[in-house]
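J.: So for the sequence shown, my numbering puts the first residue at 5; every next one is plus one. We put the CB at the ideal spot given by N, CA and C, even for glycine. Since we're looking at a predicted model, the values are computed, not measured. Please find one structure pasted underneath; my questions will follow.
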Amino acid sequence: MKILHFSDLHIGVENYGKIDPNTGLSTRLSDFLSSFDELVDFALSEPVDIVILAGDVYKGRDPSQTHQREFAKRLSRLSSNGIPTFVLVGNHDLPNSTTRANSVEIFPTLDVANVFIGDRLDTYNIPTNSGILQIVAVPWPRRGGILSREESRNLTIDQVREEIESRITSGITRQAELLDPNLPSILTAHATVNGATVGTERSMMLGNDHVLMVSALQQQGIDYVALGHIHKHQILRSESPMVVYSGSLERVDFSEELDEKGFCIIDIDPAYPPGKRMQNFEFRKVSARKFTTIDVNITQPILNPNSVILEAVSRSDVSESIVRVRIKSPSESVPLINDNDIRGSLSDAHYVAAISIESIEQVRPRLNVDIAEELDPLHALNLFLDNRSTDEDQRSLLISETEQLLREIESDSEPQS
């Protein structure tokens, strides 16, 4: 049985994009959909037995009709080819009211074939071409669905979070105890798990975050744990059952610049007993949009700071990348930096996110007073020019003029005969 696991699709993230004149839509929407298309193409070509989306289909809880249409198009390709998709409800899929539908509830309402929605902590038996797969679903919890208003009335925010964590953990244990040991089993959760490295999703959270322990997920009878919510691909447990964040398919901002993006492929053999079924794991990278940071540090005042900046740009591959340039420069050189020249050098970039300039006030070393009083004028001048990093031609001229001035002073001070 071949399983494809991915998460945090976040259709609707459009920062650092521009309008595509051919479609009238954001180029960033095209980025996210292109990565999703790579995944769907792979799923169909293998083919895989099931696709698991571990939460957060959209950027927000109220996706536009266009975003819903584009997601449905791709689910339809999988569904019409007999590949079931299991969609776990994430925090970005939930409405802010318990009486409103979540953003993916339309699929079971229309009874769409081969699309299953995990909107409650429960076990779902999903038919695949290789037999039944048991999926223990741990969606992002609606607080009202776990704690009644009366139960939480006198609790602090931390106590509410701890109670939610405790009840989710107990619920997972109960579901694991009910699993049929003769069938393969996956646990999928949209949650922060202790020990995970977080990034952009921290700022994208829509409320207080509960944290689950890895030990709560590695239940007996579970063959693999498919996680979502954290955008960085990472393996929290390499032994059986593996506990894995697939990470998101696309970079959201520069905090994910160095992260590899893709999806996970898991091979399970149902003929083996629980704990032995996992046969192979692979992370498949997609062609996500690059983010590139160019740091330029100008340490001394110079007359042509752009030459240093443009050289740094030329050393970077900015083609079709989302780029930011961060410049540190002595305050004397800041007015000489030409923003238009820098942007011109980035013409191959997909989008210039920012050109930031940090002005640095240079702290010049001061001589100890006692030492300074003992220095002759030429020695003092040389030390001063060293601190100013004066070029050699100017230094020679200043020293020559100073020597001439000192000779004249000395001549004027000689006693007249």
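Would you call the CB atoms of G122 and Y128 closer than 8 angstroms?
T.: Yes. Within cutoff.
J.: Can you tell me which of L33, T31, N26 and L43 puts its alpha carbon nearest to the alpha carbon of F267?
T.: Comparing Cα positions, the closest option is L43.
J.: With a threshold of 8 angstroms, are at least 3 pairs of Cβ atoms found where one atom belongs to the segment 47 to 65 and the other to the segment 89 to 98?
T.: The segment 47 to 65 is in contact with the segment 89 to 98.
J.: For E109, which residues of its own chain have a beta-carbon under 8 angstroms away from its beta-carbon, when the five flanking residues on both sides are left out?
T.: Here the set comprises I121 and D123.
J.: Which class does K6 belong to by DSSP, given the choice of helix, strand or coil?
T.: If DSSP states are grouped into helix, strand and coil, K6 belongs with the strands.
J.: Pairs of beta-carbons, one from the segment 316 to 330 and one from the segment 343 to 361, closer than 8 angstroms: are there three or more?
T.: Output reads yes: the segment 343 to 361 touches the segment 316 to 330.
J.: List the endpoints of the continuous beta strand (DSSP E) containing H194.
T.: That run of the beta strand (DSSP E) goes S189 to H194.
J.: Quick one: Cα of P4 to Cα of P131, how far?
T.: The displayed coordinates of the chain run from 5 to 421. Any statement about residue 4 would go beyond what the structure contains.
J.: Determine the direct distance from the alpha carbon of S189 to that of L137, and round the result to whole angstroms.
T.: When rounded, the distance between both Cα atoms is 6 angstroms.
J.: Residues in its own chain within less than 6 angstroms of R399 by CB, not counting five upstream and five downstream?
T.: Within the same chain, R399 has close Cβ partners L389.
J.: May I have the straight-line CA-CA distance separating S174 from V164, to the nearest angstrom?
T.: Distance between the alpha carbons of S174 and V164 is about 15 angstroms.
J.: Could you tell me which of G225, L231, H96 and R178 sits nearest to N198, measuring between CA atoms?
T.: Checked all of G225, L231, H96 and R178; the closest Cα to N198 is L231.
J.: Nearest to P245 by CA position, among H237, K265 and Q224, is which residue?
T.: The candidate whose alpha carbon is nearest that of P245 is Q224.
J.: Taking the runs of the alpha helix (DSSP H) that are 4 residues or longer, which of them lie wholly in the segment 284 to 355?
T.: For the segment 284 to 355, whole alpha helix (DSSP H) runs of length 4 or above, ordered along the chain, are 309 to 318 and 343 to 349.
J.: Please give the ranges of any beta strand (DSSP E) in the segment 91 to 128, keeping only runs that are unbroken, at least 3 residues long and fully inside the region.
T.: DSSP runs (the beta strand (DSSP E)) wholly in the segment 91 to 128: 119 to 122.
J.: If we count the other Cβ atoms within 10 Å of its Cβ and call it buried at 16 or more, is R178 buried or exposed?
T.: Exposed, since its Cβ has fewer than 16 Cβ neighbours within 10 Å.
J.: Around the Cβ of N95, are there at least 16 other Cβ atoms within 10 angstroms (buried) or fewer (exposed)?
T.: Per the 10 Å Cβ criterion, buried.
J.: With a 10 Å radius around its C-beta and 16 neighbouring C-beta atoms as the bar for buried, classify S404 as buried or exposed.
T.: So S404 counts as exposed.
J.: Just how far apart, CA to CA, sit I269 and P51?
T.: Answer to the nearest angstrom: the Cα atoms are 11 angstroms apart.
J.: Go ahead and pull the three-state DSSP assignment for T27.
T.: If DSSP states are grouped into helix, strand and coil, T27 belongs with coil.
J.: Please look up how many angstroms separate the CB atoms of D35 and R293, rounded, as I've assumed it's under 8 angstroms.
T.: Rounded, the Cβ-Cβ distance is 5 angstroms, consistent with contact.
J.: Determine the contact status of T140 and L187, defining contact as a CB-CB distance below 8 angstroms.
T.: Before going on, a small fix: residue 140 reads as Val here, not Thr. Their beta carbons are not under 8 angstroms apart, which means V140 does not touch L187 by this criterion.
J.: Just to confirm, are K63 and I15 a CB contact at a threshold of 8 angstroms?
T.: Yes, the Cβ-Cβ distance between K63 and I15 is below 8 angstroms.
J.: Using the Cα positions of L307 and S337, report the straight-line distance between them to the nearest angstrom.
T.: The alpha-carbon atoms of L307 and S337 are separated by roughly 7 angstroms.
J.: Report the three-state DSSP secondary structure of Q223 (helix, strand or coil).
T.: Coil, per DSSP.
J.: Can S250 and H237 be called in contact, C-beta distance under 8 angstroms?
T.: Yes.
J.: Taking the alpha helix (DSSP H) that I168 falls in, what are its first and last residues?
T.: Taken as a continuous stretch (DSSP letters only), the alpha helix (DSSP H) holding I168 covers I161 to E181.
J.: Please work out which residues of its chain come closer than 7 angstroms, Cβ to Cβ, to V61, disregarding the five sequence neighbours upstream and downstream, and give them in chain order.
T.: Taken in chain order, the residues that qualify are L13, I15, F75, V91, D97, S107 and V108.
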